[in-house]
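Taken in sequence, the protein lines are chains V and Y.
For what it's worth, numbering that gives the first Met the number 0 labels the leading residue of the first sequence as 0, then goes sequentially.
For what it's worth, numbering that gives the first Met the number 0 labels the leading residue of the second sequence as 0, then goes sequentially.
Beta carbons are placed, not taken as given, at the ideal position from N, Cα and C, and that holds for glycine.
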Amino acid sequence: MFWRKRKDSDFTAEISAHLELEIERLRAEGMSQAEAEAKARREFGNVRLAEERFHESNRWMLLEHLRRDLSYALRMLMRNPSFTLVAVISLALGIGVNALVFSVVNALVLRPLPVEHPGQLVFLENSRSNAGQSFPMYREIRDHNEVFSGTLGYRVTQVELESHSGAVRSWGYLATGNYFDVLGVKPMLGRFFHAEDDVSPGGSPYAVLSYGSWQARFAADRDIVGKTIRINRQPYTVIGVAPRSFHGTEVFYWPEVWVPMMMQAQIEPGNAWLEEPATFNTWVIGRLKPEIELKQATANLNTIAARLARQNPGANEGISFFLTRPGLIGDTIGAPTRAFSFGVLVLAGLVLLTACANLASLVTARAADRQREIAIRLSIGATRGRVVRQLLTEMLVLSVLGGVAGYGLASLLSGVLSTWRAPMDFPVQFDVSPDWRVFCFAALVSVVAGILFGLAPARQASRTDANAVLKGEVSGFQGRRLALRDVLVAVQVALCFVLVSACLLSLRGLQRSLTMHLGFEPNGVSMAAFDLGLAGYSEQRGRDFQRRALETLEQLPGVRSAAFSNSVPLSIDQSHSTIYPEDQPNLTASTAPVAIMYQVSPHFFETMKIHMLVGRDFDWHDDAQSSRKVVVNMAFARQILHSENPIGKRFGRGPKGAKQEIIGVVEDGKYMNPTEGETPVLFEPMTQRYNTMTTMLVSSSLPESQMTEKVRQAMAQLDPELPLFGTGPLRQVLAFAFLPLHAAVIALSAFGLLALVLALTGIHGLVAYGVARRVREIGIRVAIGATPWQVIRLVLARIFTLLGLGAMIGLALALAAGRLLETVIFGSVRDPLVFADVYATMIVLGLISSWAPTRRALRIEPTVALRHE
Amino acid sequence: MTTRDEKDHIAILQGTLDLLVLRTLLFGPQHGQGIARAIQLQSGDELLIDHGSLYPALQRLENQDWISAEWGMSENNRKARFYKLTKAGRKQLAHETSQWERLSAAIGRVLAGPKAEG
């Protein structure tokens, strides 16, 4: 009933009824019919006006105005296609960039896991090992906490998965039996395992396949449930297939298979840790009971932590728990990811602001051309509110068009991004496909942008002095118009300065990364990895195989040196150990230093070109029969042993570990990520500490692609069944380590370029407009003898003042937002060289964009110019 | 062209027309002409309603749901649109009446205050 409509005719009928009644009354008072009619009409006044006012008061009018404004706006935009095109394209780019960045943020941070009531899930971290908990600790928490309605434990793990097409090294989850029930996920086929399936160690050889794995590896076989597949060369029964939307509990990691936790010893052969109180390998997610606050939950968990510390001070002393958001291994990846994506989103917002400033100045210029039209509309009775509304409608139509195009652009690009797999041996993938959140975001951004760039010019246009304009005076505006345009250009230059700075700073980061001292030389080294444990090799057979593989590779033509290790620096697979030096007997679990450790063969340092500073490399005599040896890096020597020459010192791994003697010290390098500080590292001889994970490394003068192929062939001859992974140049691990940096460089370069293009058109518009308005003035100046140089100064003085001003504001902004920028650019913001470059860029930008209008100014012929207008 | 007798009437203050209309309808449903007539009579012929602004005012009140309207027959059997006070309209009348009383009392006090010198 709200939009009730009373017909105009009904109102007219009411008025004539009134007149009739009035005439009747006057007649009764004794007037003649003619007199009465005249008086009634006179008393009523202007019938038309009353009807008009009734019409205006009708609620439908709003809609009718809107419809009229819309059709008028569309006509105006179509009459000026070049303006419309420029506006829509720049908006589409601005909004598209934002929608794309937002859909990544959405995928990584905002979108909840596709499980039941995802808001109740919390990720458990502890003060010492962060994400990982020991399995006994998990059991204690699961059985004795009062705040979770369910507590699940899981672990990312590698498996060797056999399908019709042979064995592949793949990735999966070890998950406690209650995993799917606590999450509330329903299987697409078959069933999931439950708590009662996961009780006795080794007693639950069940597998749940991911949708992707079922499709790709098992040809979407609908009868797969109940069939036996081989994982790590042992039989497992497929009991179910997960739904397509469910990729486990990490948003970036897409596993292929889930296996019950009690199969841990089979899935990770030679490394059973379920009963180990000091192995912190289990990730834990709890579902909060309704009405339980985080604070309460943390308090309850910490009473359990205190009990655990009393029971087993060696392993659990000094541990306290805290809760974070699940999806990105808690805060381990979550915190930097959130900071990074927020930073990028803010920068994308700046791009949009630049586009808006650009459009606002375009629109102001256009409003100047339209002042005659506006003046006419005002003088025939349009209110200023109506004029503003009309202009705003035009802007909104533009921004909605831009928004639609931008959203389309973003959907297209995010589709590409969703199918992209990170260049690494790890199933990293994101589902960034836009959903309703992205749509709402894009819609909101479009409308805000439309109002933002439309309101100021519209208000200004409505201040038009109709009299002055219609009398043919040059400007009907009151003075401020140029000021607004100037402000807009300065704002644009400032934003452009910030974006170009961010872009160049990130490029500097990239440049540094290329020459960065990594502590090893990846160029010329090829690698191939395999896991002998997954392939079912016993330790003795495994040792023999490693040695045989090394000898085979050393024989290959072109090989300078070869070695093997369990892992390489900057790959995702890094192991840590607590260190107990012999001369520091009072260390406890919470105070013992931690170091990264590798198991390596002889010649590892030579192959990786890691410089030995003191002492010697391992040789094949450092075997099980000899005493335990170890090589450390300089950071280890300095930070843990407080000595630059620790040769002969001894320490143990873990409180009870056998003491090993340091025989060499190597240079420091980067191990976890390229931005870390000095990190203590130890290297143990593989001959003394066997590890089934094996990475063969070959240094050669041949191109890496050729060498990789030869390595692959040689390995296939040794064991055709053995799945290799990570084959390729060693440089590929850098691709992983530098992934965030590369993402930043790509994003920021795109932003910087967009901002430059927008600023270019913006400045060009301003200068061209200025020249067009001053044709007469310039003509007069030339006529009375101004030199070309003076004309150039006349044209450029203002724009370069604005450029200087904008750049100064931009510099201040960039420095002020330094912390935000630094989360994105991988380096310090305070880089004078970069800012000098940006200044130079701005000057070049100013020159290029004012080139054409300046030439036009120089060509002005006084005789022609004075006849102008 | 205004005639002399119209000039003698007091012009209705902006915004008070609504109040007068609502008050008139307190005595029962009435059509537009009746409302105008009633106001004129009750004011002792001091107030003359501009019929041209009466109808938009009625429409405004109707849109605000203070009055409702339907077509009916007048006492002398002519078709007319009758207006009736709604519940919300009664509330509004009470509110506006008290506002008006405060305003006129205040103005009265100011006018009755100490005379300016000279």
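Rounded separation between residue i and residue j - CA only
i, j, result
"Thr74 (chain Y)", "Gln389 (chain V)", "Here residue 74 (chain Y) turns out to be Glu, not Thr, going by the sequence shown. Each residue's alpha carbon lies about 49 Å from the other."
"Leu701 (chain V)", "Gly557 (chain V)", "6 Å"
"Ser848 (chain V)", "Ala758 (chain V)", "9 Å"
"Phe192 (chain V)", "Tyr205 (chain V)", "8 Å"
"Val115 (chain V)", "Arg829 (chain V)", "Looking at the sequence provided, one finds Glu at residue 115 (chain V) rather than Val. Taking the straight line from one Cα to the other gives about 47 Å."
"Leu90 (chain V)", "Val415 (chain V)", "22 Å"
"His610 (chain V)", "Gly518 (chain V)", "8 Å"
"Ala334 (chain V)", "Pro325 (chain V)", "11 Å"
"Leu47 (chain Y)", "Ala68 (chain Y)", "23 Å"
"Arg22 (chain Y)", "Gly405 (chain V)", "58 Å"
"Phe217 (chain V)", "Glu255 (chain V)", "11 Å"
"Leu287 (chain V)", "Val198 (chain V)", "24 Å"
"Ser560 (chain V)", "Leu552 (chain V)", "9 Å"
"Ala79 (chain Y)", "Leu57 (chain Y)", "14 Å"
"Ala442 (chain V)", "Leu503 (chain V)", "31 Å"
"Ala373 (chain V)", "Thr760 (chain V)", "In the sequence as presented, Ala is not what sits at residue 373 (chain V); that position holds Ile. Their Cα atoms are separated by approximately 26 Å."
"Ala448 (chain V)", "Ser169 (chain V)", "47 Å"
"Leu151 (chain V)", "Leu322 (chain V)", "14 Å"
"Gly107 (chain Y)", "Thr96 (chain Y)", "16 Å"
"Ile808 (chain V)", "Phe341 (chain V)", "22 Å"
"Ala273 (chain V)", "Ser699 (chain V)", "The displayed chain sequence assigns Leu, not Ala, to residue 273 (chain V). Taking the straight line from one Cα to the other gives about 42 Å."
"Ser882 (chain V)", "Met75 (chain V)", "Only positions 0 to 868 of chain V appear in the structure, and residue 882 (chain V) is not among them; the question remains open."
"Glu550 (chain V)", "Asp616 (chain V)", "18 Å"
"Asp618 (chain V)", "Gly523 (chain V)", "23 Å"
DSSP three-state assignment for residue i, whether helix, strand or coil
i, result
"Gly518 (chain V)", "coil"
"Pro654 (chain V)", "coil"
"Ser97 (chain Y)", "helix"
"Arg480 (chain V)", "The predicted model places Arg480 (chain V) with a pLDDT of 48, which falls under 50 and marks its position as unreliable; any figure quoted below should be read in that light. Of the three classes helix, strand and coil, the one that applies to Arg480 (chain V) here is helix, per DSSP."
"Val599 (chain V)", "strand"
"Tyr406 (chain V)", "helix"
"Thr302 (chain V)", "helix"
"Phe101 (chain V)", "helix"
"Gln789 (chain V)", "helix"
"Ala218 (chain V)", "coil"
"Gln545 (chain V)", "helix"
"Met841 (chain V)", "helix"
"Thr551 (chain V)", "helix"
"Lys294 (chain V)", "helix"
"Arg858 (chain V)", "coil"
"His30 (chain Y)", "strand"
"Tyr768 (chain V)", "helix"
"Asp17 (chain Y)", "helix"
Buried or exposed (CB count within 10 angstroms, at least 16 for buried), residue i
i, result
"Thr691 (chain V)", "buried"
"Pro895 (chain V)", "Given that chain V is displayed from residue 0 to residue 868, the structure contains no residue 895 (chain V) and the question cannot be resolved."
"Ser512 (chain V)", "buried"
"Lys294 (chain V)", "exposed"
"Gln712 (chain V)", "exposed"
"Glu161 (chain V)", "buried"
"Cys355 (chain V)", "buried"
"Asp543 (chain V)", "exposed"
Proximity of residue i and residue j at Cβ, strictly below 8 Å
i, j, result
"Ser319 (chain V)", "Asn301 (chain V)", "yes"
"Val121 (chain V)", "Ile332 (chain V)", "no"
"Ser570 (chain V)", "Ile595 (chain V)", "no"
"Ile662 (chain V)", "Lys608 (chain V)", "no"
"Val207 (chain V)", "Ile230 (chain V)", "no"
"Asn869 (chain V)", "Gln598 (chain V)", "There is no way to answer for residue 869 (chain V), as the model of chain V reaches only from 0 to 868."
"Leu498 (chain V)", "Phe750 (chain V)", "yes"
"Val492 (chain V)", "Leu802 (chain V)", "yes"
"Val155 (chain V)", "Leu188 (chain V)", "no"
"Ser102 (chain V)", "Val362 (chain V)", "no"
Any non-hydrogen atom of the ligand PLP closer than 7 Å to residue i Cβ
i, result
"Asn62 (chain Y)", "In the structure on display, the ligand PLP does not appear, and there are no ligands present to speak of."
Check: Which runs of the alpha helix (DSSP H) spanning at least 4 residues fall entirely within the stretch 352 to 381 of chain V, listed in chain order?
Finding: Qualifying alpha helix (DSSP H) stretches, in chain order: 370 to 378.
Check: Which parts of the stretch 124 to 164 of chain V are runs of the alpha helix (DSSP H), unbroken and 4 residues or longer, counting only runs that do not cross its ends?
Finding: Runs found: 134 to 143.
Checklist line | Within the stretch 38 to 78 of chain Y, ranges of the alpha helix (DSSP H) (whole runs, at least 4 residues) | finding: The stretch 38 to 78 of chain Y contains these whole alpha helix (DSSP H) runs: 50 to 62.
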